[in-house]
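A.B. asks: Attaching a single structure in structure tokens format; questions to follow.
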Amino acid sequence: LNLFENSIGDEGAKALASALRVNGVMTNLNLNSNNIHDEGAKAIGEALRVNGVLTTLDLSANDLGDEAKGVIRDAVSGRKGFKLETEN
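Residue numbers (my numbering): 34 to 121.
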């Protein structure tokens, strides 16, 4: 799913996180340049703990702090071949 530059913000990211918790199909999610901050990123990270289907996540060009990046990295650590982009 490509949502590049849609300005979904933290509220949109939290809504996507809810969907990710029950997702059984989507493998790629591009959230590049969406005005997502720590709150939204942490929600996505928590959802990834129960989502084993997603294999690619692009959160680059958002305003993510180190703690939020860590929550996401921890959620996908150990997943062979998972592609994660969080840098600007």
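Beta carbons: idealized from backbone N, C-alpha and C, even for Gly.
1) I need the straight-line Cα distance from Asp99 to Gly114, nearest angstrom please.
2) Under three-state DSSP, which class holds Glu79?
3) By Cβ distance, which residues of its chain are closer than 6 Å to Ile41, with the 5 residues on each side in sequence left out?
4) Could you give the first and the last residue of the continuous alpha helix (DSSP H) run that contains Val90?
5) Would you list the one or two residues that DSSP bridges to Asn63?
C.D. replies: According to the data block:
1) 22 Å
2) helix
3) Asn67
4) Here residue 90 is Leu; the residue named in the question, Val, does not match the sequence. Premise fails: Leu90 lies in the beta strand (DSSP E), Thr89 to Asp91, not in any alpha helix (DSSP H).
5) Asn35 and Asp91
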